[in-house]
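Student: Residue numbers (the working numbering), protein chains in the order written: chain F, 148 to 562; chain U, 18 to 352.
For each residue, glycine too, the CB sits at the ideal point set by N, CA and C.
Computed from a prediction, not measured in an experiment: that's the story for all the values here.
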Amino acid sequence: MKAISIALKDLQILFKDRGTIFQLFVLPLLFIVVFSGALTAIGQGNQEDVILPNLAVVDQDGGEGAAFLLNKISQDGSLAVQSTSAADVQSLLDENKVVASLTIPAGFTAGIQQNTPVTLVITTGKNANPQIVEAARLVVESIAADMTLESQIIASLKQMGEMQATAPEEYQIFSTERVLAQARSQFIAAQARPLINIVQSAPQQGAAEEEAPDLSLAAVPGFTVLFVFLAGQTTARSIFEEKKIGSFRRLVAAPINKAQLLIGKILPNFVIALIQIGVIFAFGAFGLRLMGLTPLPIEKAPLGAALIAILIALCSSALGIAIAALAKTENQIGGLSTLLLWGMGLLGGCFVPLFILERFLGPIPMIVPHYWANRALDDLFIRGLGLTDIYLSLVMLLVFSLIFFAIGLWRFDFD
Amino acid sequence: MPAILEVENLVKKYGDFEAVKGISFSVEEGEVFGLLGPNGAGKTQTISMLTGVISPTSGTARIGGYDILKQTSQVKKINGLVPQDLALYPTLSARANLNFFGRIYGLGGRELKERVDDVLRVVSLTERADGVVDKFSGGMKRRVNIAAGLVHQPRLLFLDEPTEGVDPQSRNHIFESVQRLNRERGMSVVYTSHYMEEVETLCNRAAIIDAGRIIALDTIKNLIGLLGGGVVYVGVNQVDETILAELSSLPAVKESALVPQPPAPPAPDGKESTTDVKPPAVNPVIKIVAENNQQAVVNVLGYLNQHDIVITSLEIMQPNLESVFLHLTGKKLRE
Numbered sequence: 148m149k150a151i152s153i154a155l156k157d158l159q160i161l162f163k164d165r166g167t168i169f170q171l172f173v174l175p176l177l178f179i180v181v182f183s184g185a186l187t188a189i190g191q192g193n194q195e196d197v198i199l200p201n202l203a204v205v206d207q208d209g210g211e212g213a214a215f216l217l218n219k220i221s222q223d224g225s226l227a228v229q230s231t232s233a234a235d236v237q238s239l240l241d242e243n244k245v246v247a248s249l250t251i252p253a254g255f256t257a258g259i260q261q262n263t264p265v266t267l268v269i270t271t272g273k274n275a276n277p278q279i280v281e282a283a284r285l286v287v288e289s290i291a292a293d294m295t296l297e298s299q300i301i302a303s304l305k306q307m308g309e310m311q312a313t314a315p316e317e318y319q320i321f322s323t324e325r326v327l328a329q330a331r332s333q334f335i336a337a338q339a340r341p342l343i344n345i346v347q348s349a350p351q352q353g354a355a356e357e358e359a360p361d362l363s364l365a366a367v368p369g370f371t372v373l374f375v376f377l378a379g380q381t382t383a384r385s386i387f388e389e390k391k392i393g394s395f396r397r398l399v400a401a402p403i404n405k406a407q408l409l410i411g412k413i414l415p416n417f418v419i420a421l422i423q424i425g426v427i428f429a430f431g432a433f434g435l436r437l438m439g440l441t442p443l444p445i446e447k448a449p450l451g452a453a454l455i456a457i458l459i460a461l462c463s464s465a466l467g468i469a470i471a472a473l474a475k476t477e478n479q480i481g482g483l484s485t486l487l488l489w490g491m492g493l494l495g496g497c498f499v500p501l502f503i504l505e506r507f508l509g510p511i512p513m514i515v516p517h518y519w520a521n522r523a524l525d526d527l528f529i530r531g532l533g534l535t536d537i538y539l540s541l542v543m544l545l546v547f548s549l550i551f552f553a554i555g556l557w558r559f560d561f562d
Numbered sequence: 018m019p020a021i022l023e024v025e026n027l028v029k030k031y032g033d034f035e036a037v038k039g040i041s042f043s044v045e046e047g048e049v050f051g052l053l054g055p056n057g058a059g060k061t062q063t064i065s066m067l068t069g070v071i072s073p074t075s076g077t078a079r080i081g082g083y084d085i086l087k088q089t090s091q092v093k094k095i096n097g098l099v100p101q102d103l104a105l106y107p108t109l110s111a112r113a114n115l116n117f118f119g120r121i122y123g124l125g126g127r128e129l130k131e132r133v134d135d136v137l138r139v140v141s142l143t144e145r146a147d148g149v150v151d152k153f154s155g156g157m158k159r160r161v162n163i164a165a166g167l168v169h170q171p172r173l174l175f176l177d178e179p180t181e182g183v184d185p186q187s188r189n190h191i192f193e194s195v196q197r198l199n200r201e202r203g204m205s206v207v208y209t210s211h212y213m214e215e216v217e218t219l220c221n222r223a224a225i226i227d228a229g230r231i232i233a234l235d236t237i238k239n240l241i242g243l244l245g246g247g248v249v250y251v252g253v254n255q256v257d258e259t260i261l262a263e264l265s266s267l268p269a270v271k272e273s274a275l276v277p278q279p280p281a282p283p284a285p286d287g288k289e290s291t292t293d294v295k296p297p298a299v300n301p302v303i304k305i306v307a308e309n310n311q312q313a314v315v316n317v318l319g320y321l322n323q324h325d326i327v328i329t330s331l332e333i334m335q336p337n338l339e340s341v342f343l344h345l346t347g348k349k350l351r352e
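1) Per the DSSP calculation, residue 276/U is bridged to which residue(s)?
2) Can you list, in chain order, the residues of its chain whose CB lies under 6 Å from that of residue 365/F, leaving out five sequence neighbours each side?
3) So residue 404/F is in the beta strand (DSSP E); what residue range does that whole segment cover?
4) From residue 371/F to residue 423/F, what distance separates their C-alpha atoms?
5) What beta strand (DSSP E) runs, 3 residues minimum, are completely inside the region 27-92 of chain U?
6) Curious, which full-length alpha helix (DSSP H) runs of at least 4 residues does the region 179-264 of chain F contain?
7) Over what stretch of residues does the beta strand (DSSP E) that includes residue 334/U continue unbroken?
8) Consult DSSP for residue 474/F and reduce its assignment to one of helix, strand or coil.
9) Within 8 Å, do at least three Cβ pairs link the region 228-248 of chain U to the region 333-343 of chain U?
10) Determine, using beta carbons only, whether residue 228/F and residue 217/F come nearer to each other than 8 Å.
11) Is the shortest distance between the beta-carbon of residue 77/U and the beta-carbons of chain F less than 8 Å?
12) Residues in the region 401-422 of chain F with C-beta within 7 Å of chain U's C-beta atoms, listed in sequence order?
13) Out of 119/U, 269/U, 139/U, 323/U, which has the shortest C-alpha to C-alpha gap to residue 201/U?
14) Taking its Cβ as the centre, do 16 or more other Cβ atoms sit within 10 Å of residue 310/F, making it buried, or is it exposed?
15) First and last residue of the beta strand (DSSP E) that includes residue 275/F?
16) Write down every uninterrupted run of the beta strand (DSSP E) in the region 184-264 of chain U whose length is 3 residues or greater and which is fully enclosed by it, in chain order.
17) Mind listing, in chain order, the continuous alpha helix (DSSP H) runs of no fewer than 4 residues lying wholly within the region 430-512 of chain F?
18) If I'm right that residue 420/F touches residue 378/F with Cβ under 8 Å, what's the distance once you round it to whole angstroms?
19) In chain order, what residues of the same chain have a beta carbon less than 7 Å from the beta carbon of residue 181/U, not counting five sequence neighbours either side?
20) What's the gap between the Cα of residue 436/F and the Cα of residue 442/F?
21) Thinking residue 480/F and residue 383/F are a contact (beta carbons under 8 Å), I'd like their distance in whole angstroms, please.
22) Just verifying my parser: in three-state terms, what is the DSSP assignment at residue 25/U?
23) At the level of alpha carbons, what is the spacing between residue 133/U and residue 197/U?
24) Measuring CB atoms only, is the region 151-162 of chain F touching the region 405-421 of chain F, in the sense that at least three cross pairs come out at less than 8 Å?
25) Helix, strand or coil: which one does DSSP assign to residue 97/U?
26) Cβ closer than 7 Å: which chain F residues qualify as neighbours of residue 121/U?
27) Counting only beta-carbon atoms, is residue 98/U nearer than 8 Å to chain F?
28) With distances taken Cα to Cα, identify the nearest neighbour of residue 155/U among 69/U, 348/U, 190/U.
29) Taking the alpha carbon of residue 315/U as the point to measure from, which residue in 274/U, 264/U, 31/U has its own alpha carbon closest?
30) Helix, strand or coil for residue 344/F? Go by DSSP, reduced to three states.
31) Quick one: list the residues of chain U neighbouring residue 170/F, beta-carbon separation under 8 Å, in chain order.
32) Quick check on this structure: which residue in 76/U, 89/U, 125/U, 58/U has the alpha carbon closest to the alpha carbon of residue 68/U?
33) What are the partner residues of residue 110/U, as DSSP defines its beta bridges?
34) If we count Cβ pairs, one from each stretch, closer than 8 Å, do we get three or more for the region 109-120 of chain U versus the region 141-155 of chain U?
35) Mark residue 542/F as exposed unless 16 or more other C-beta atoms lie within 10 angstroms of its C-beta, in which case mark it buried.
36) What are the start and end residues of the beta strand (DSSP E) that includes residue 175/U?
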């Protein structure tokens, strides 16, 4: 109860401070609007250029059938065909220069002509967007299905022609009905037993983890995490202010234990952080939509969003106590806050989307809680993963919270 | 009267520095006890230990019969602390501040409201209760500061330099509040100050503290009585042991001694008197402890005149705590 009294008093003081209110609730929204708008514009700029995804083709057949297939893929207009050798294809995939490679095996043409099954192999790139890979696979599959049908109907008609040729002139063994029935039968057989099989070599699951998120959406989680952690310094400043004016001495002299005192000082930041996340998420879901920008799909995972919000708020509050314990002067609080909160925000993917950051920093961002908070939000909102898929990020946020609390309790000066 | 506070050999060290060097004293129930000493003497450190803000390095104390180290929560309920700093939340109103400090002591509902209204009356701030503290004058802030220490009705109130930086009118208000609390409610008070007038006015007894030690402890009357009739400082052009011995044997003179430097001119609002002659720093100064200031001055000046000793300065200090402190430590309270 006494802890709640301290928390309510701190909230009362905080809500009287317009500068802090602006920093906590308005500034994040301004950042989000500017960055979402800019990133959307970048995305639209890319769309105007209409660069077709490249499909590397290793033609080991070199026959009429392979040429027909490649011609059809080019005519489809969805993919840019890039012929290459088997030796070069891996580097093209690794460097993300092609979304996938199509290997046409030797004997492809002969197989089609002899109506024996053949197999095409599609290999996906490590960093390829799975949606584009899927589109490429559908294009190849569709053309292959047409070729199967065409080949089998032609073969069937040829066979019927030969049979007709050997029959007596006055005896017509194929009526119109029998020809149509034969065509239908071939059509069904083409679907059930495709002449051209397609095998995709890269697992879908691995590809999904590397999915590049929608850039315009990346701003909301990034700045949510940045500003919620920045709010952690409010705890440190509030404790320093209490010590400066002498009220902390009065609190220590009162019949209130140290745990209640610390909880009372942490609680306002926790509440503020939750309100902050609520405001930012609501703005991300509704405000961005009204502004014609990509909205945050919060309706897809409200429970997950609430759980992540609680853990981020907890971690931010714990970090605030750690800063209060480590910093002895107002300047030190400012310095530590700048170094820790902005530095960790930068390293943890608050300004640069994680999938880009990880390409040049590797696993380094994992050392800051911001990374796990961003990853949890990205996975939930952008990649559409479930709670079970993000458990590691949640556990890591909890671990960081415990570490910060431990530092805070260990180094906190009550005198 | 039973003792509400018994301090036993309290010590506070910071590394090699000893801020409080084994202080012992007691305060009776219903007493206003003064801790008089210059800044840095160890008064605030002593209060901080007694109120549980800091832990003593050694020694202990009992408040209301409870040990301050072992029965902290009971002790904290008895204590009220008015810190030297304005320990208030400036953007909140006086009432909001008092409500908060009341809740910290477990008060709530109607009881809290009544207590807050009561302490606002005690410090004469009822009409400004809803004003924001930041907009108050220094004196009004000091009064809210005192009210915050009273809201839970402590049995023992620690007032740490409560009049620091306030105007005379507010100082009188504070004096009246403390006297009323003591007289009407029997509240015991430990009052620290480096203003001897305050301690003389408010306290029954006082301890004079310097460099972490109590150097004198008694009733105000007895403390002042240490000096008898007062002290006279006489600057002369020459002095030796014979002159000092003969001065000591003069009627109305208790003792005489050579001081290295004359004391600085006293503050205009003090009870001391002085001549217009400022002693040059090079001249020796004789300190005369008198049984009767007036007779001693006549006898000393007569002796010096007879022996052709030139008087370069003359300072007569009436007997008060300031002169007692000067007598005991060789320095002024506000140095």
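Tutor: Reading it off the structure:
1) 302/U
2) 500
3) Run containing residue 404/F: none; DSSP gives neither H nor E here.
4) 8 Å
5) 34-45, 49-53, 75-80
6) 211-223, 233-241, 255-260
7) 328-334
8) coil
9) yes
10) yes
11) no
12) 401, 402, 403
13) 139/U
14) exposed
15) Run containing residue 275/F: none; DSSP gives neither H nor E here.
16) 205-210, 222-227, 230-236, 247-253
17) 449-473, 477-484, 490-494, 501-508
18) 5 Å
19) 101
20) 5 Å
21) 5 Å
22) strand
23) 17 Å
24) yes
25) strand
26) 149, 152, 398, 401, 403
27) yes
28) 190/U
29) 264/U
30) strand
31) Within chain U, no residue comes near residue 170/F; the closest Cβ sits about 17 Å away, beyond 8 Å.
32) 89/U
33) 149/U
34) yes
35) exposed
36) 173-177
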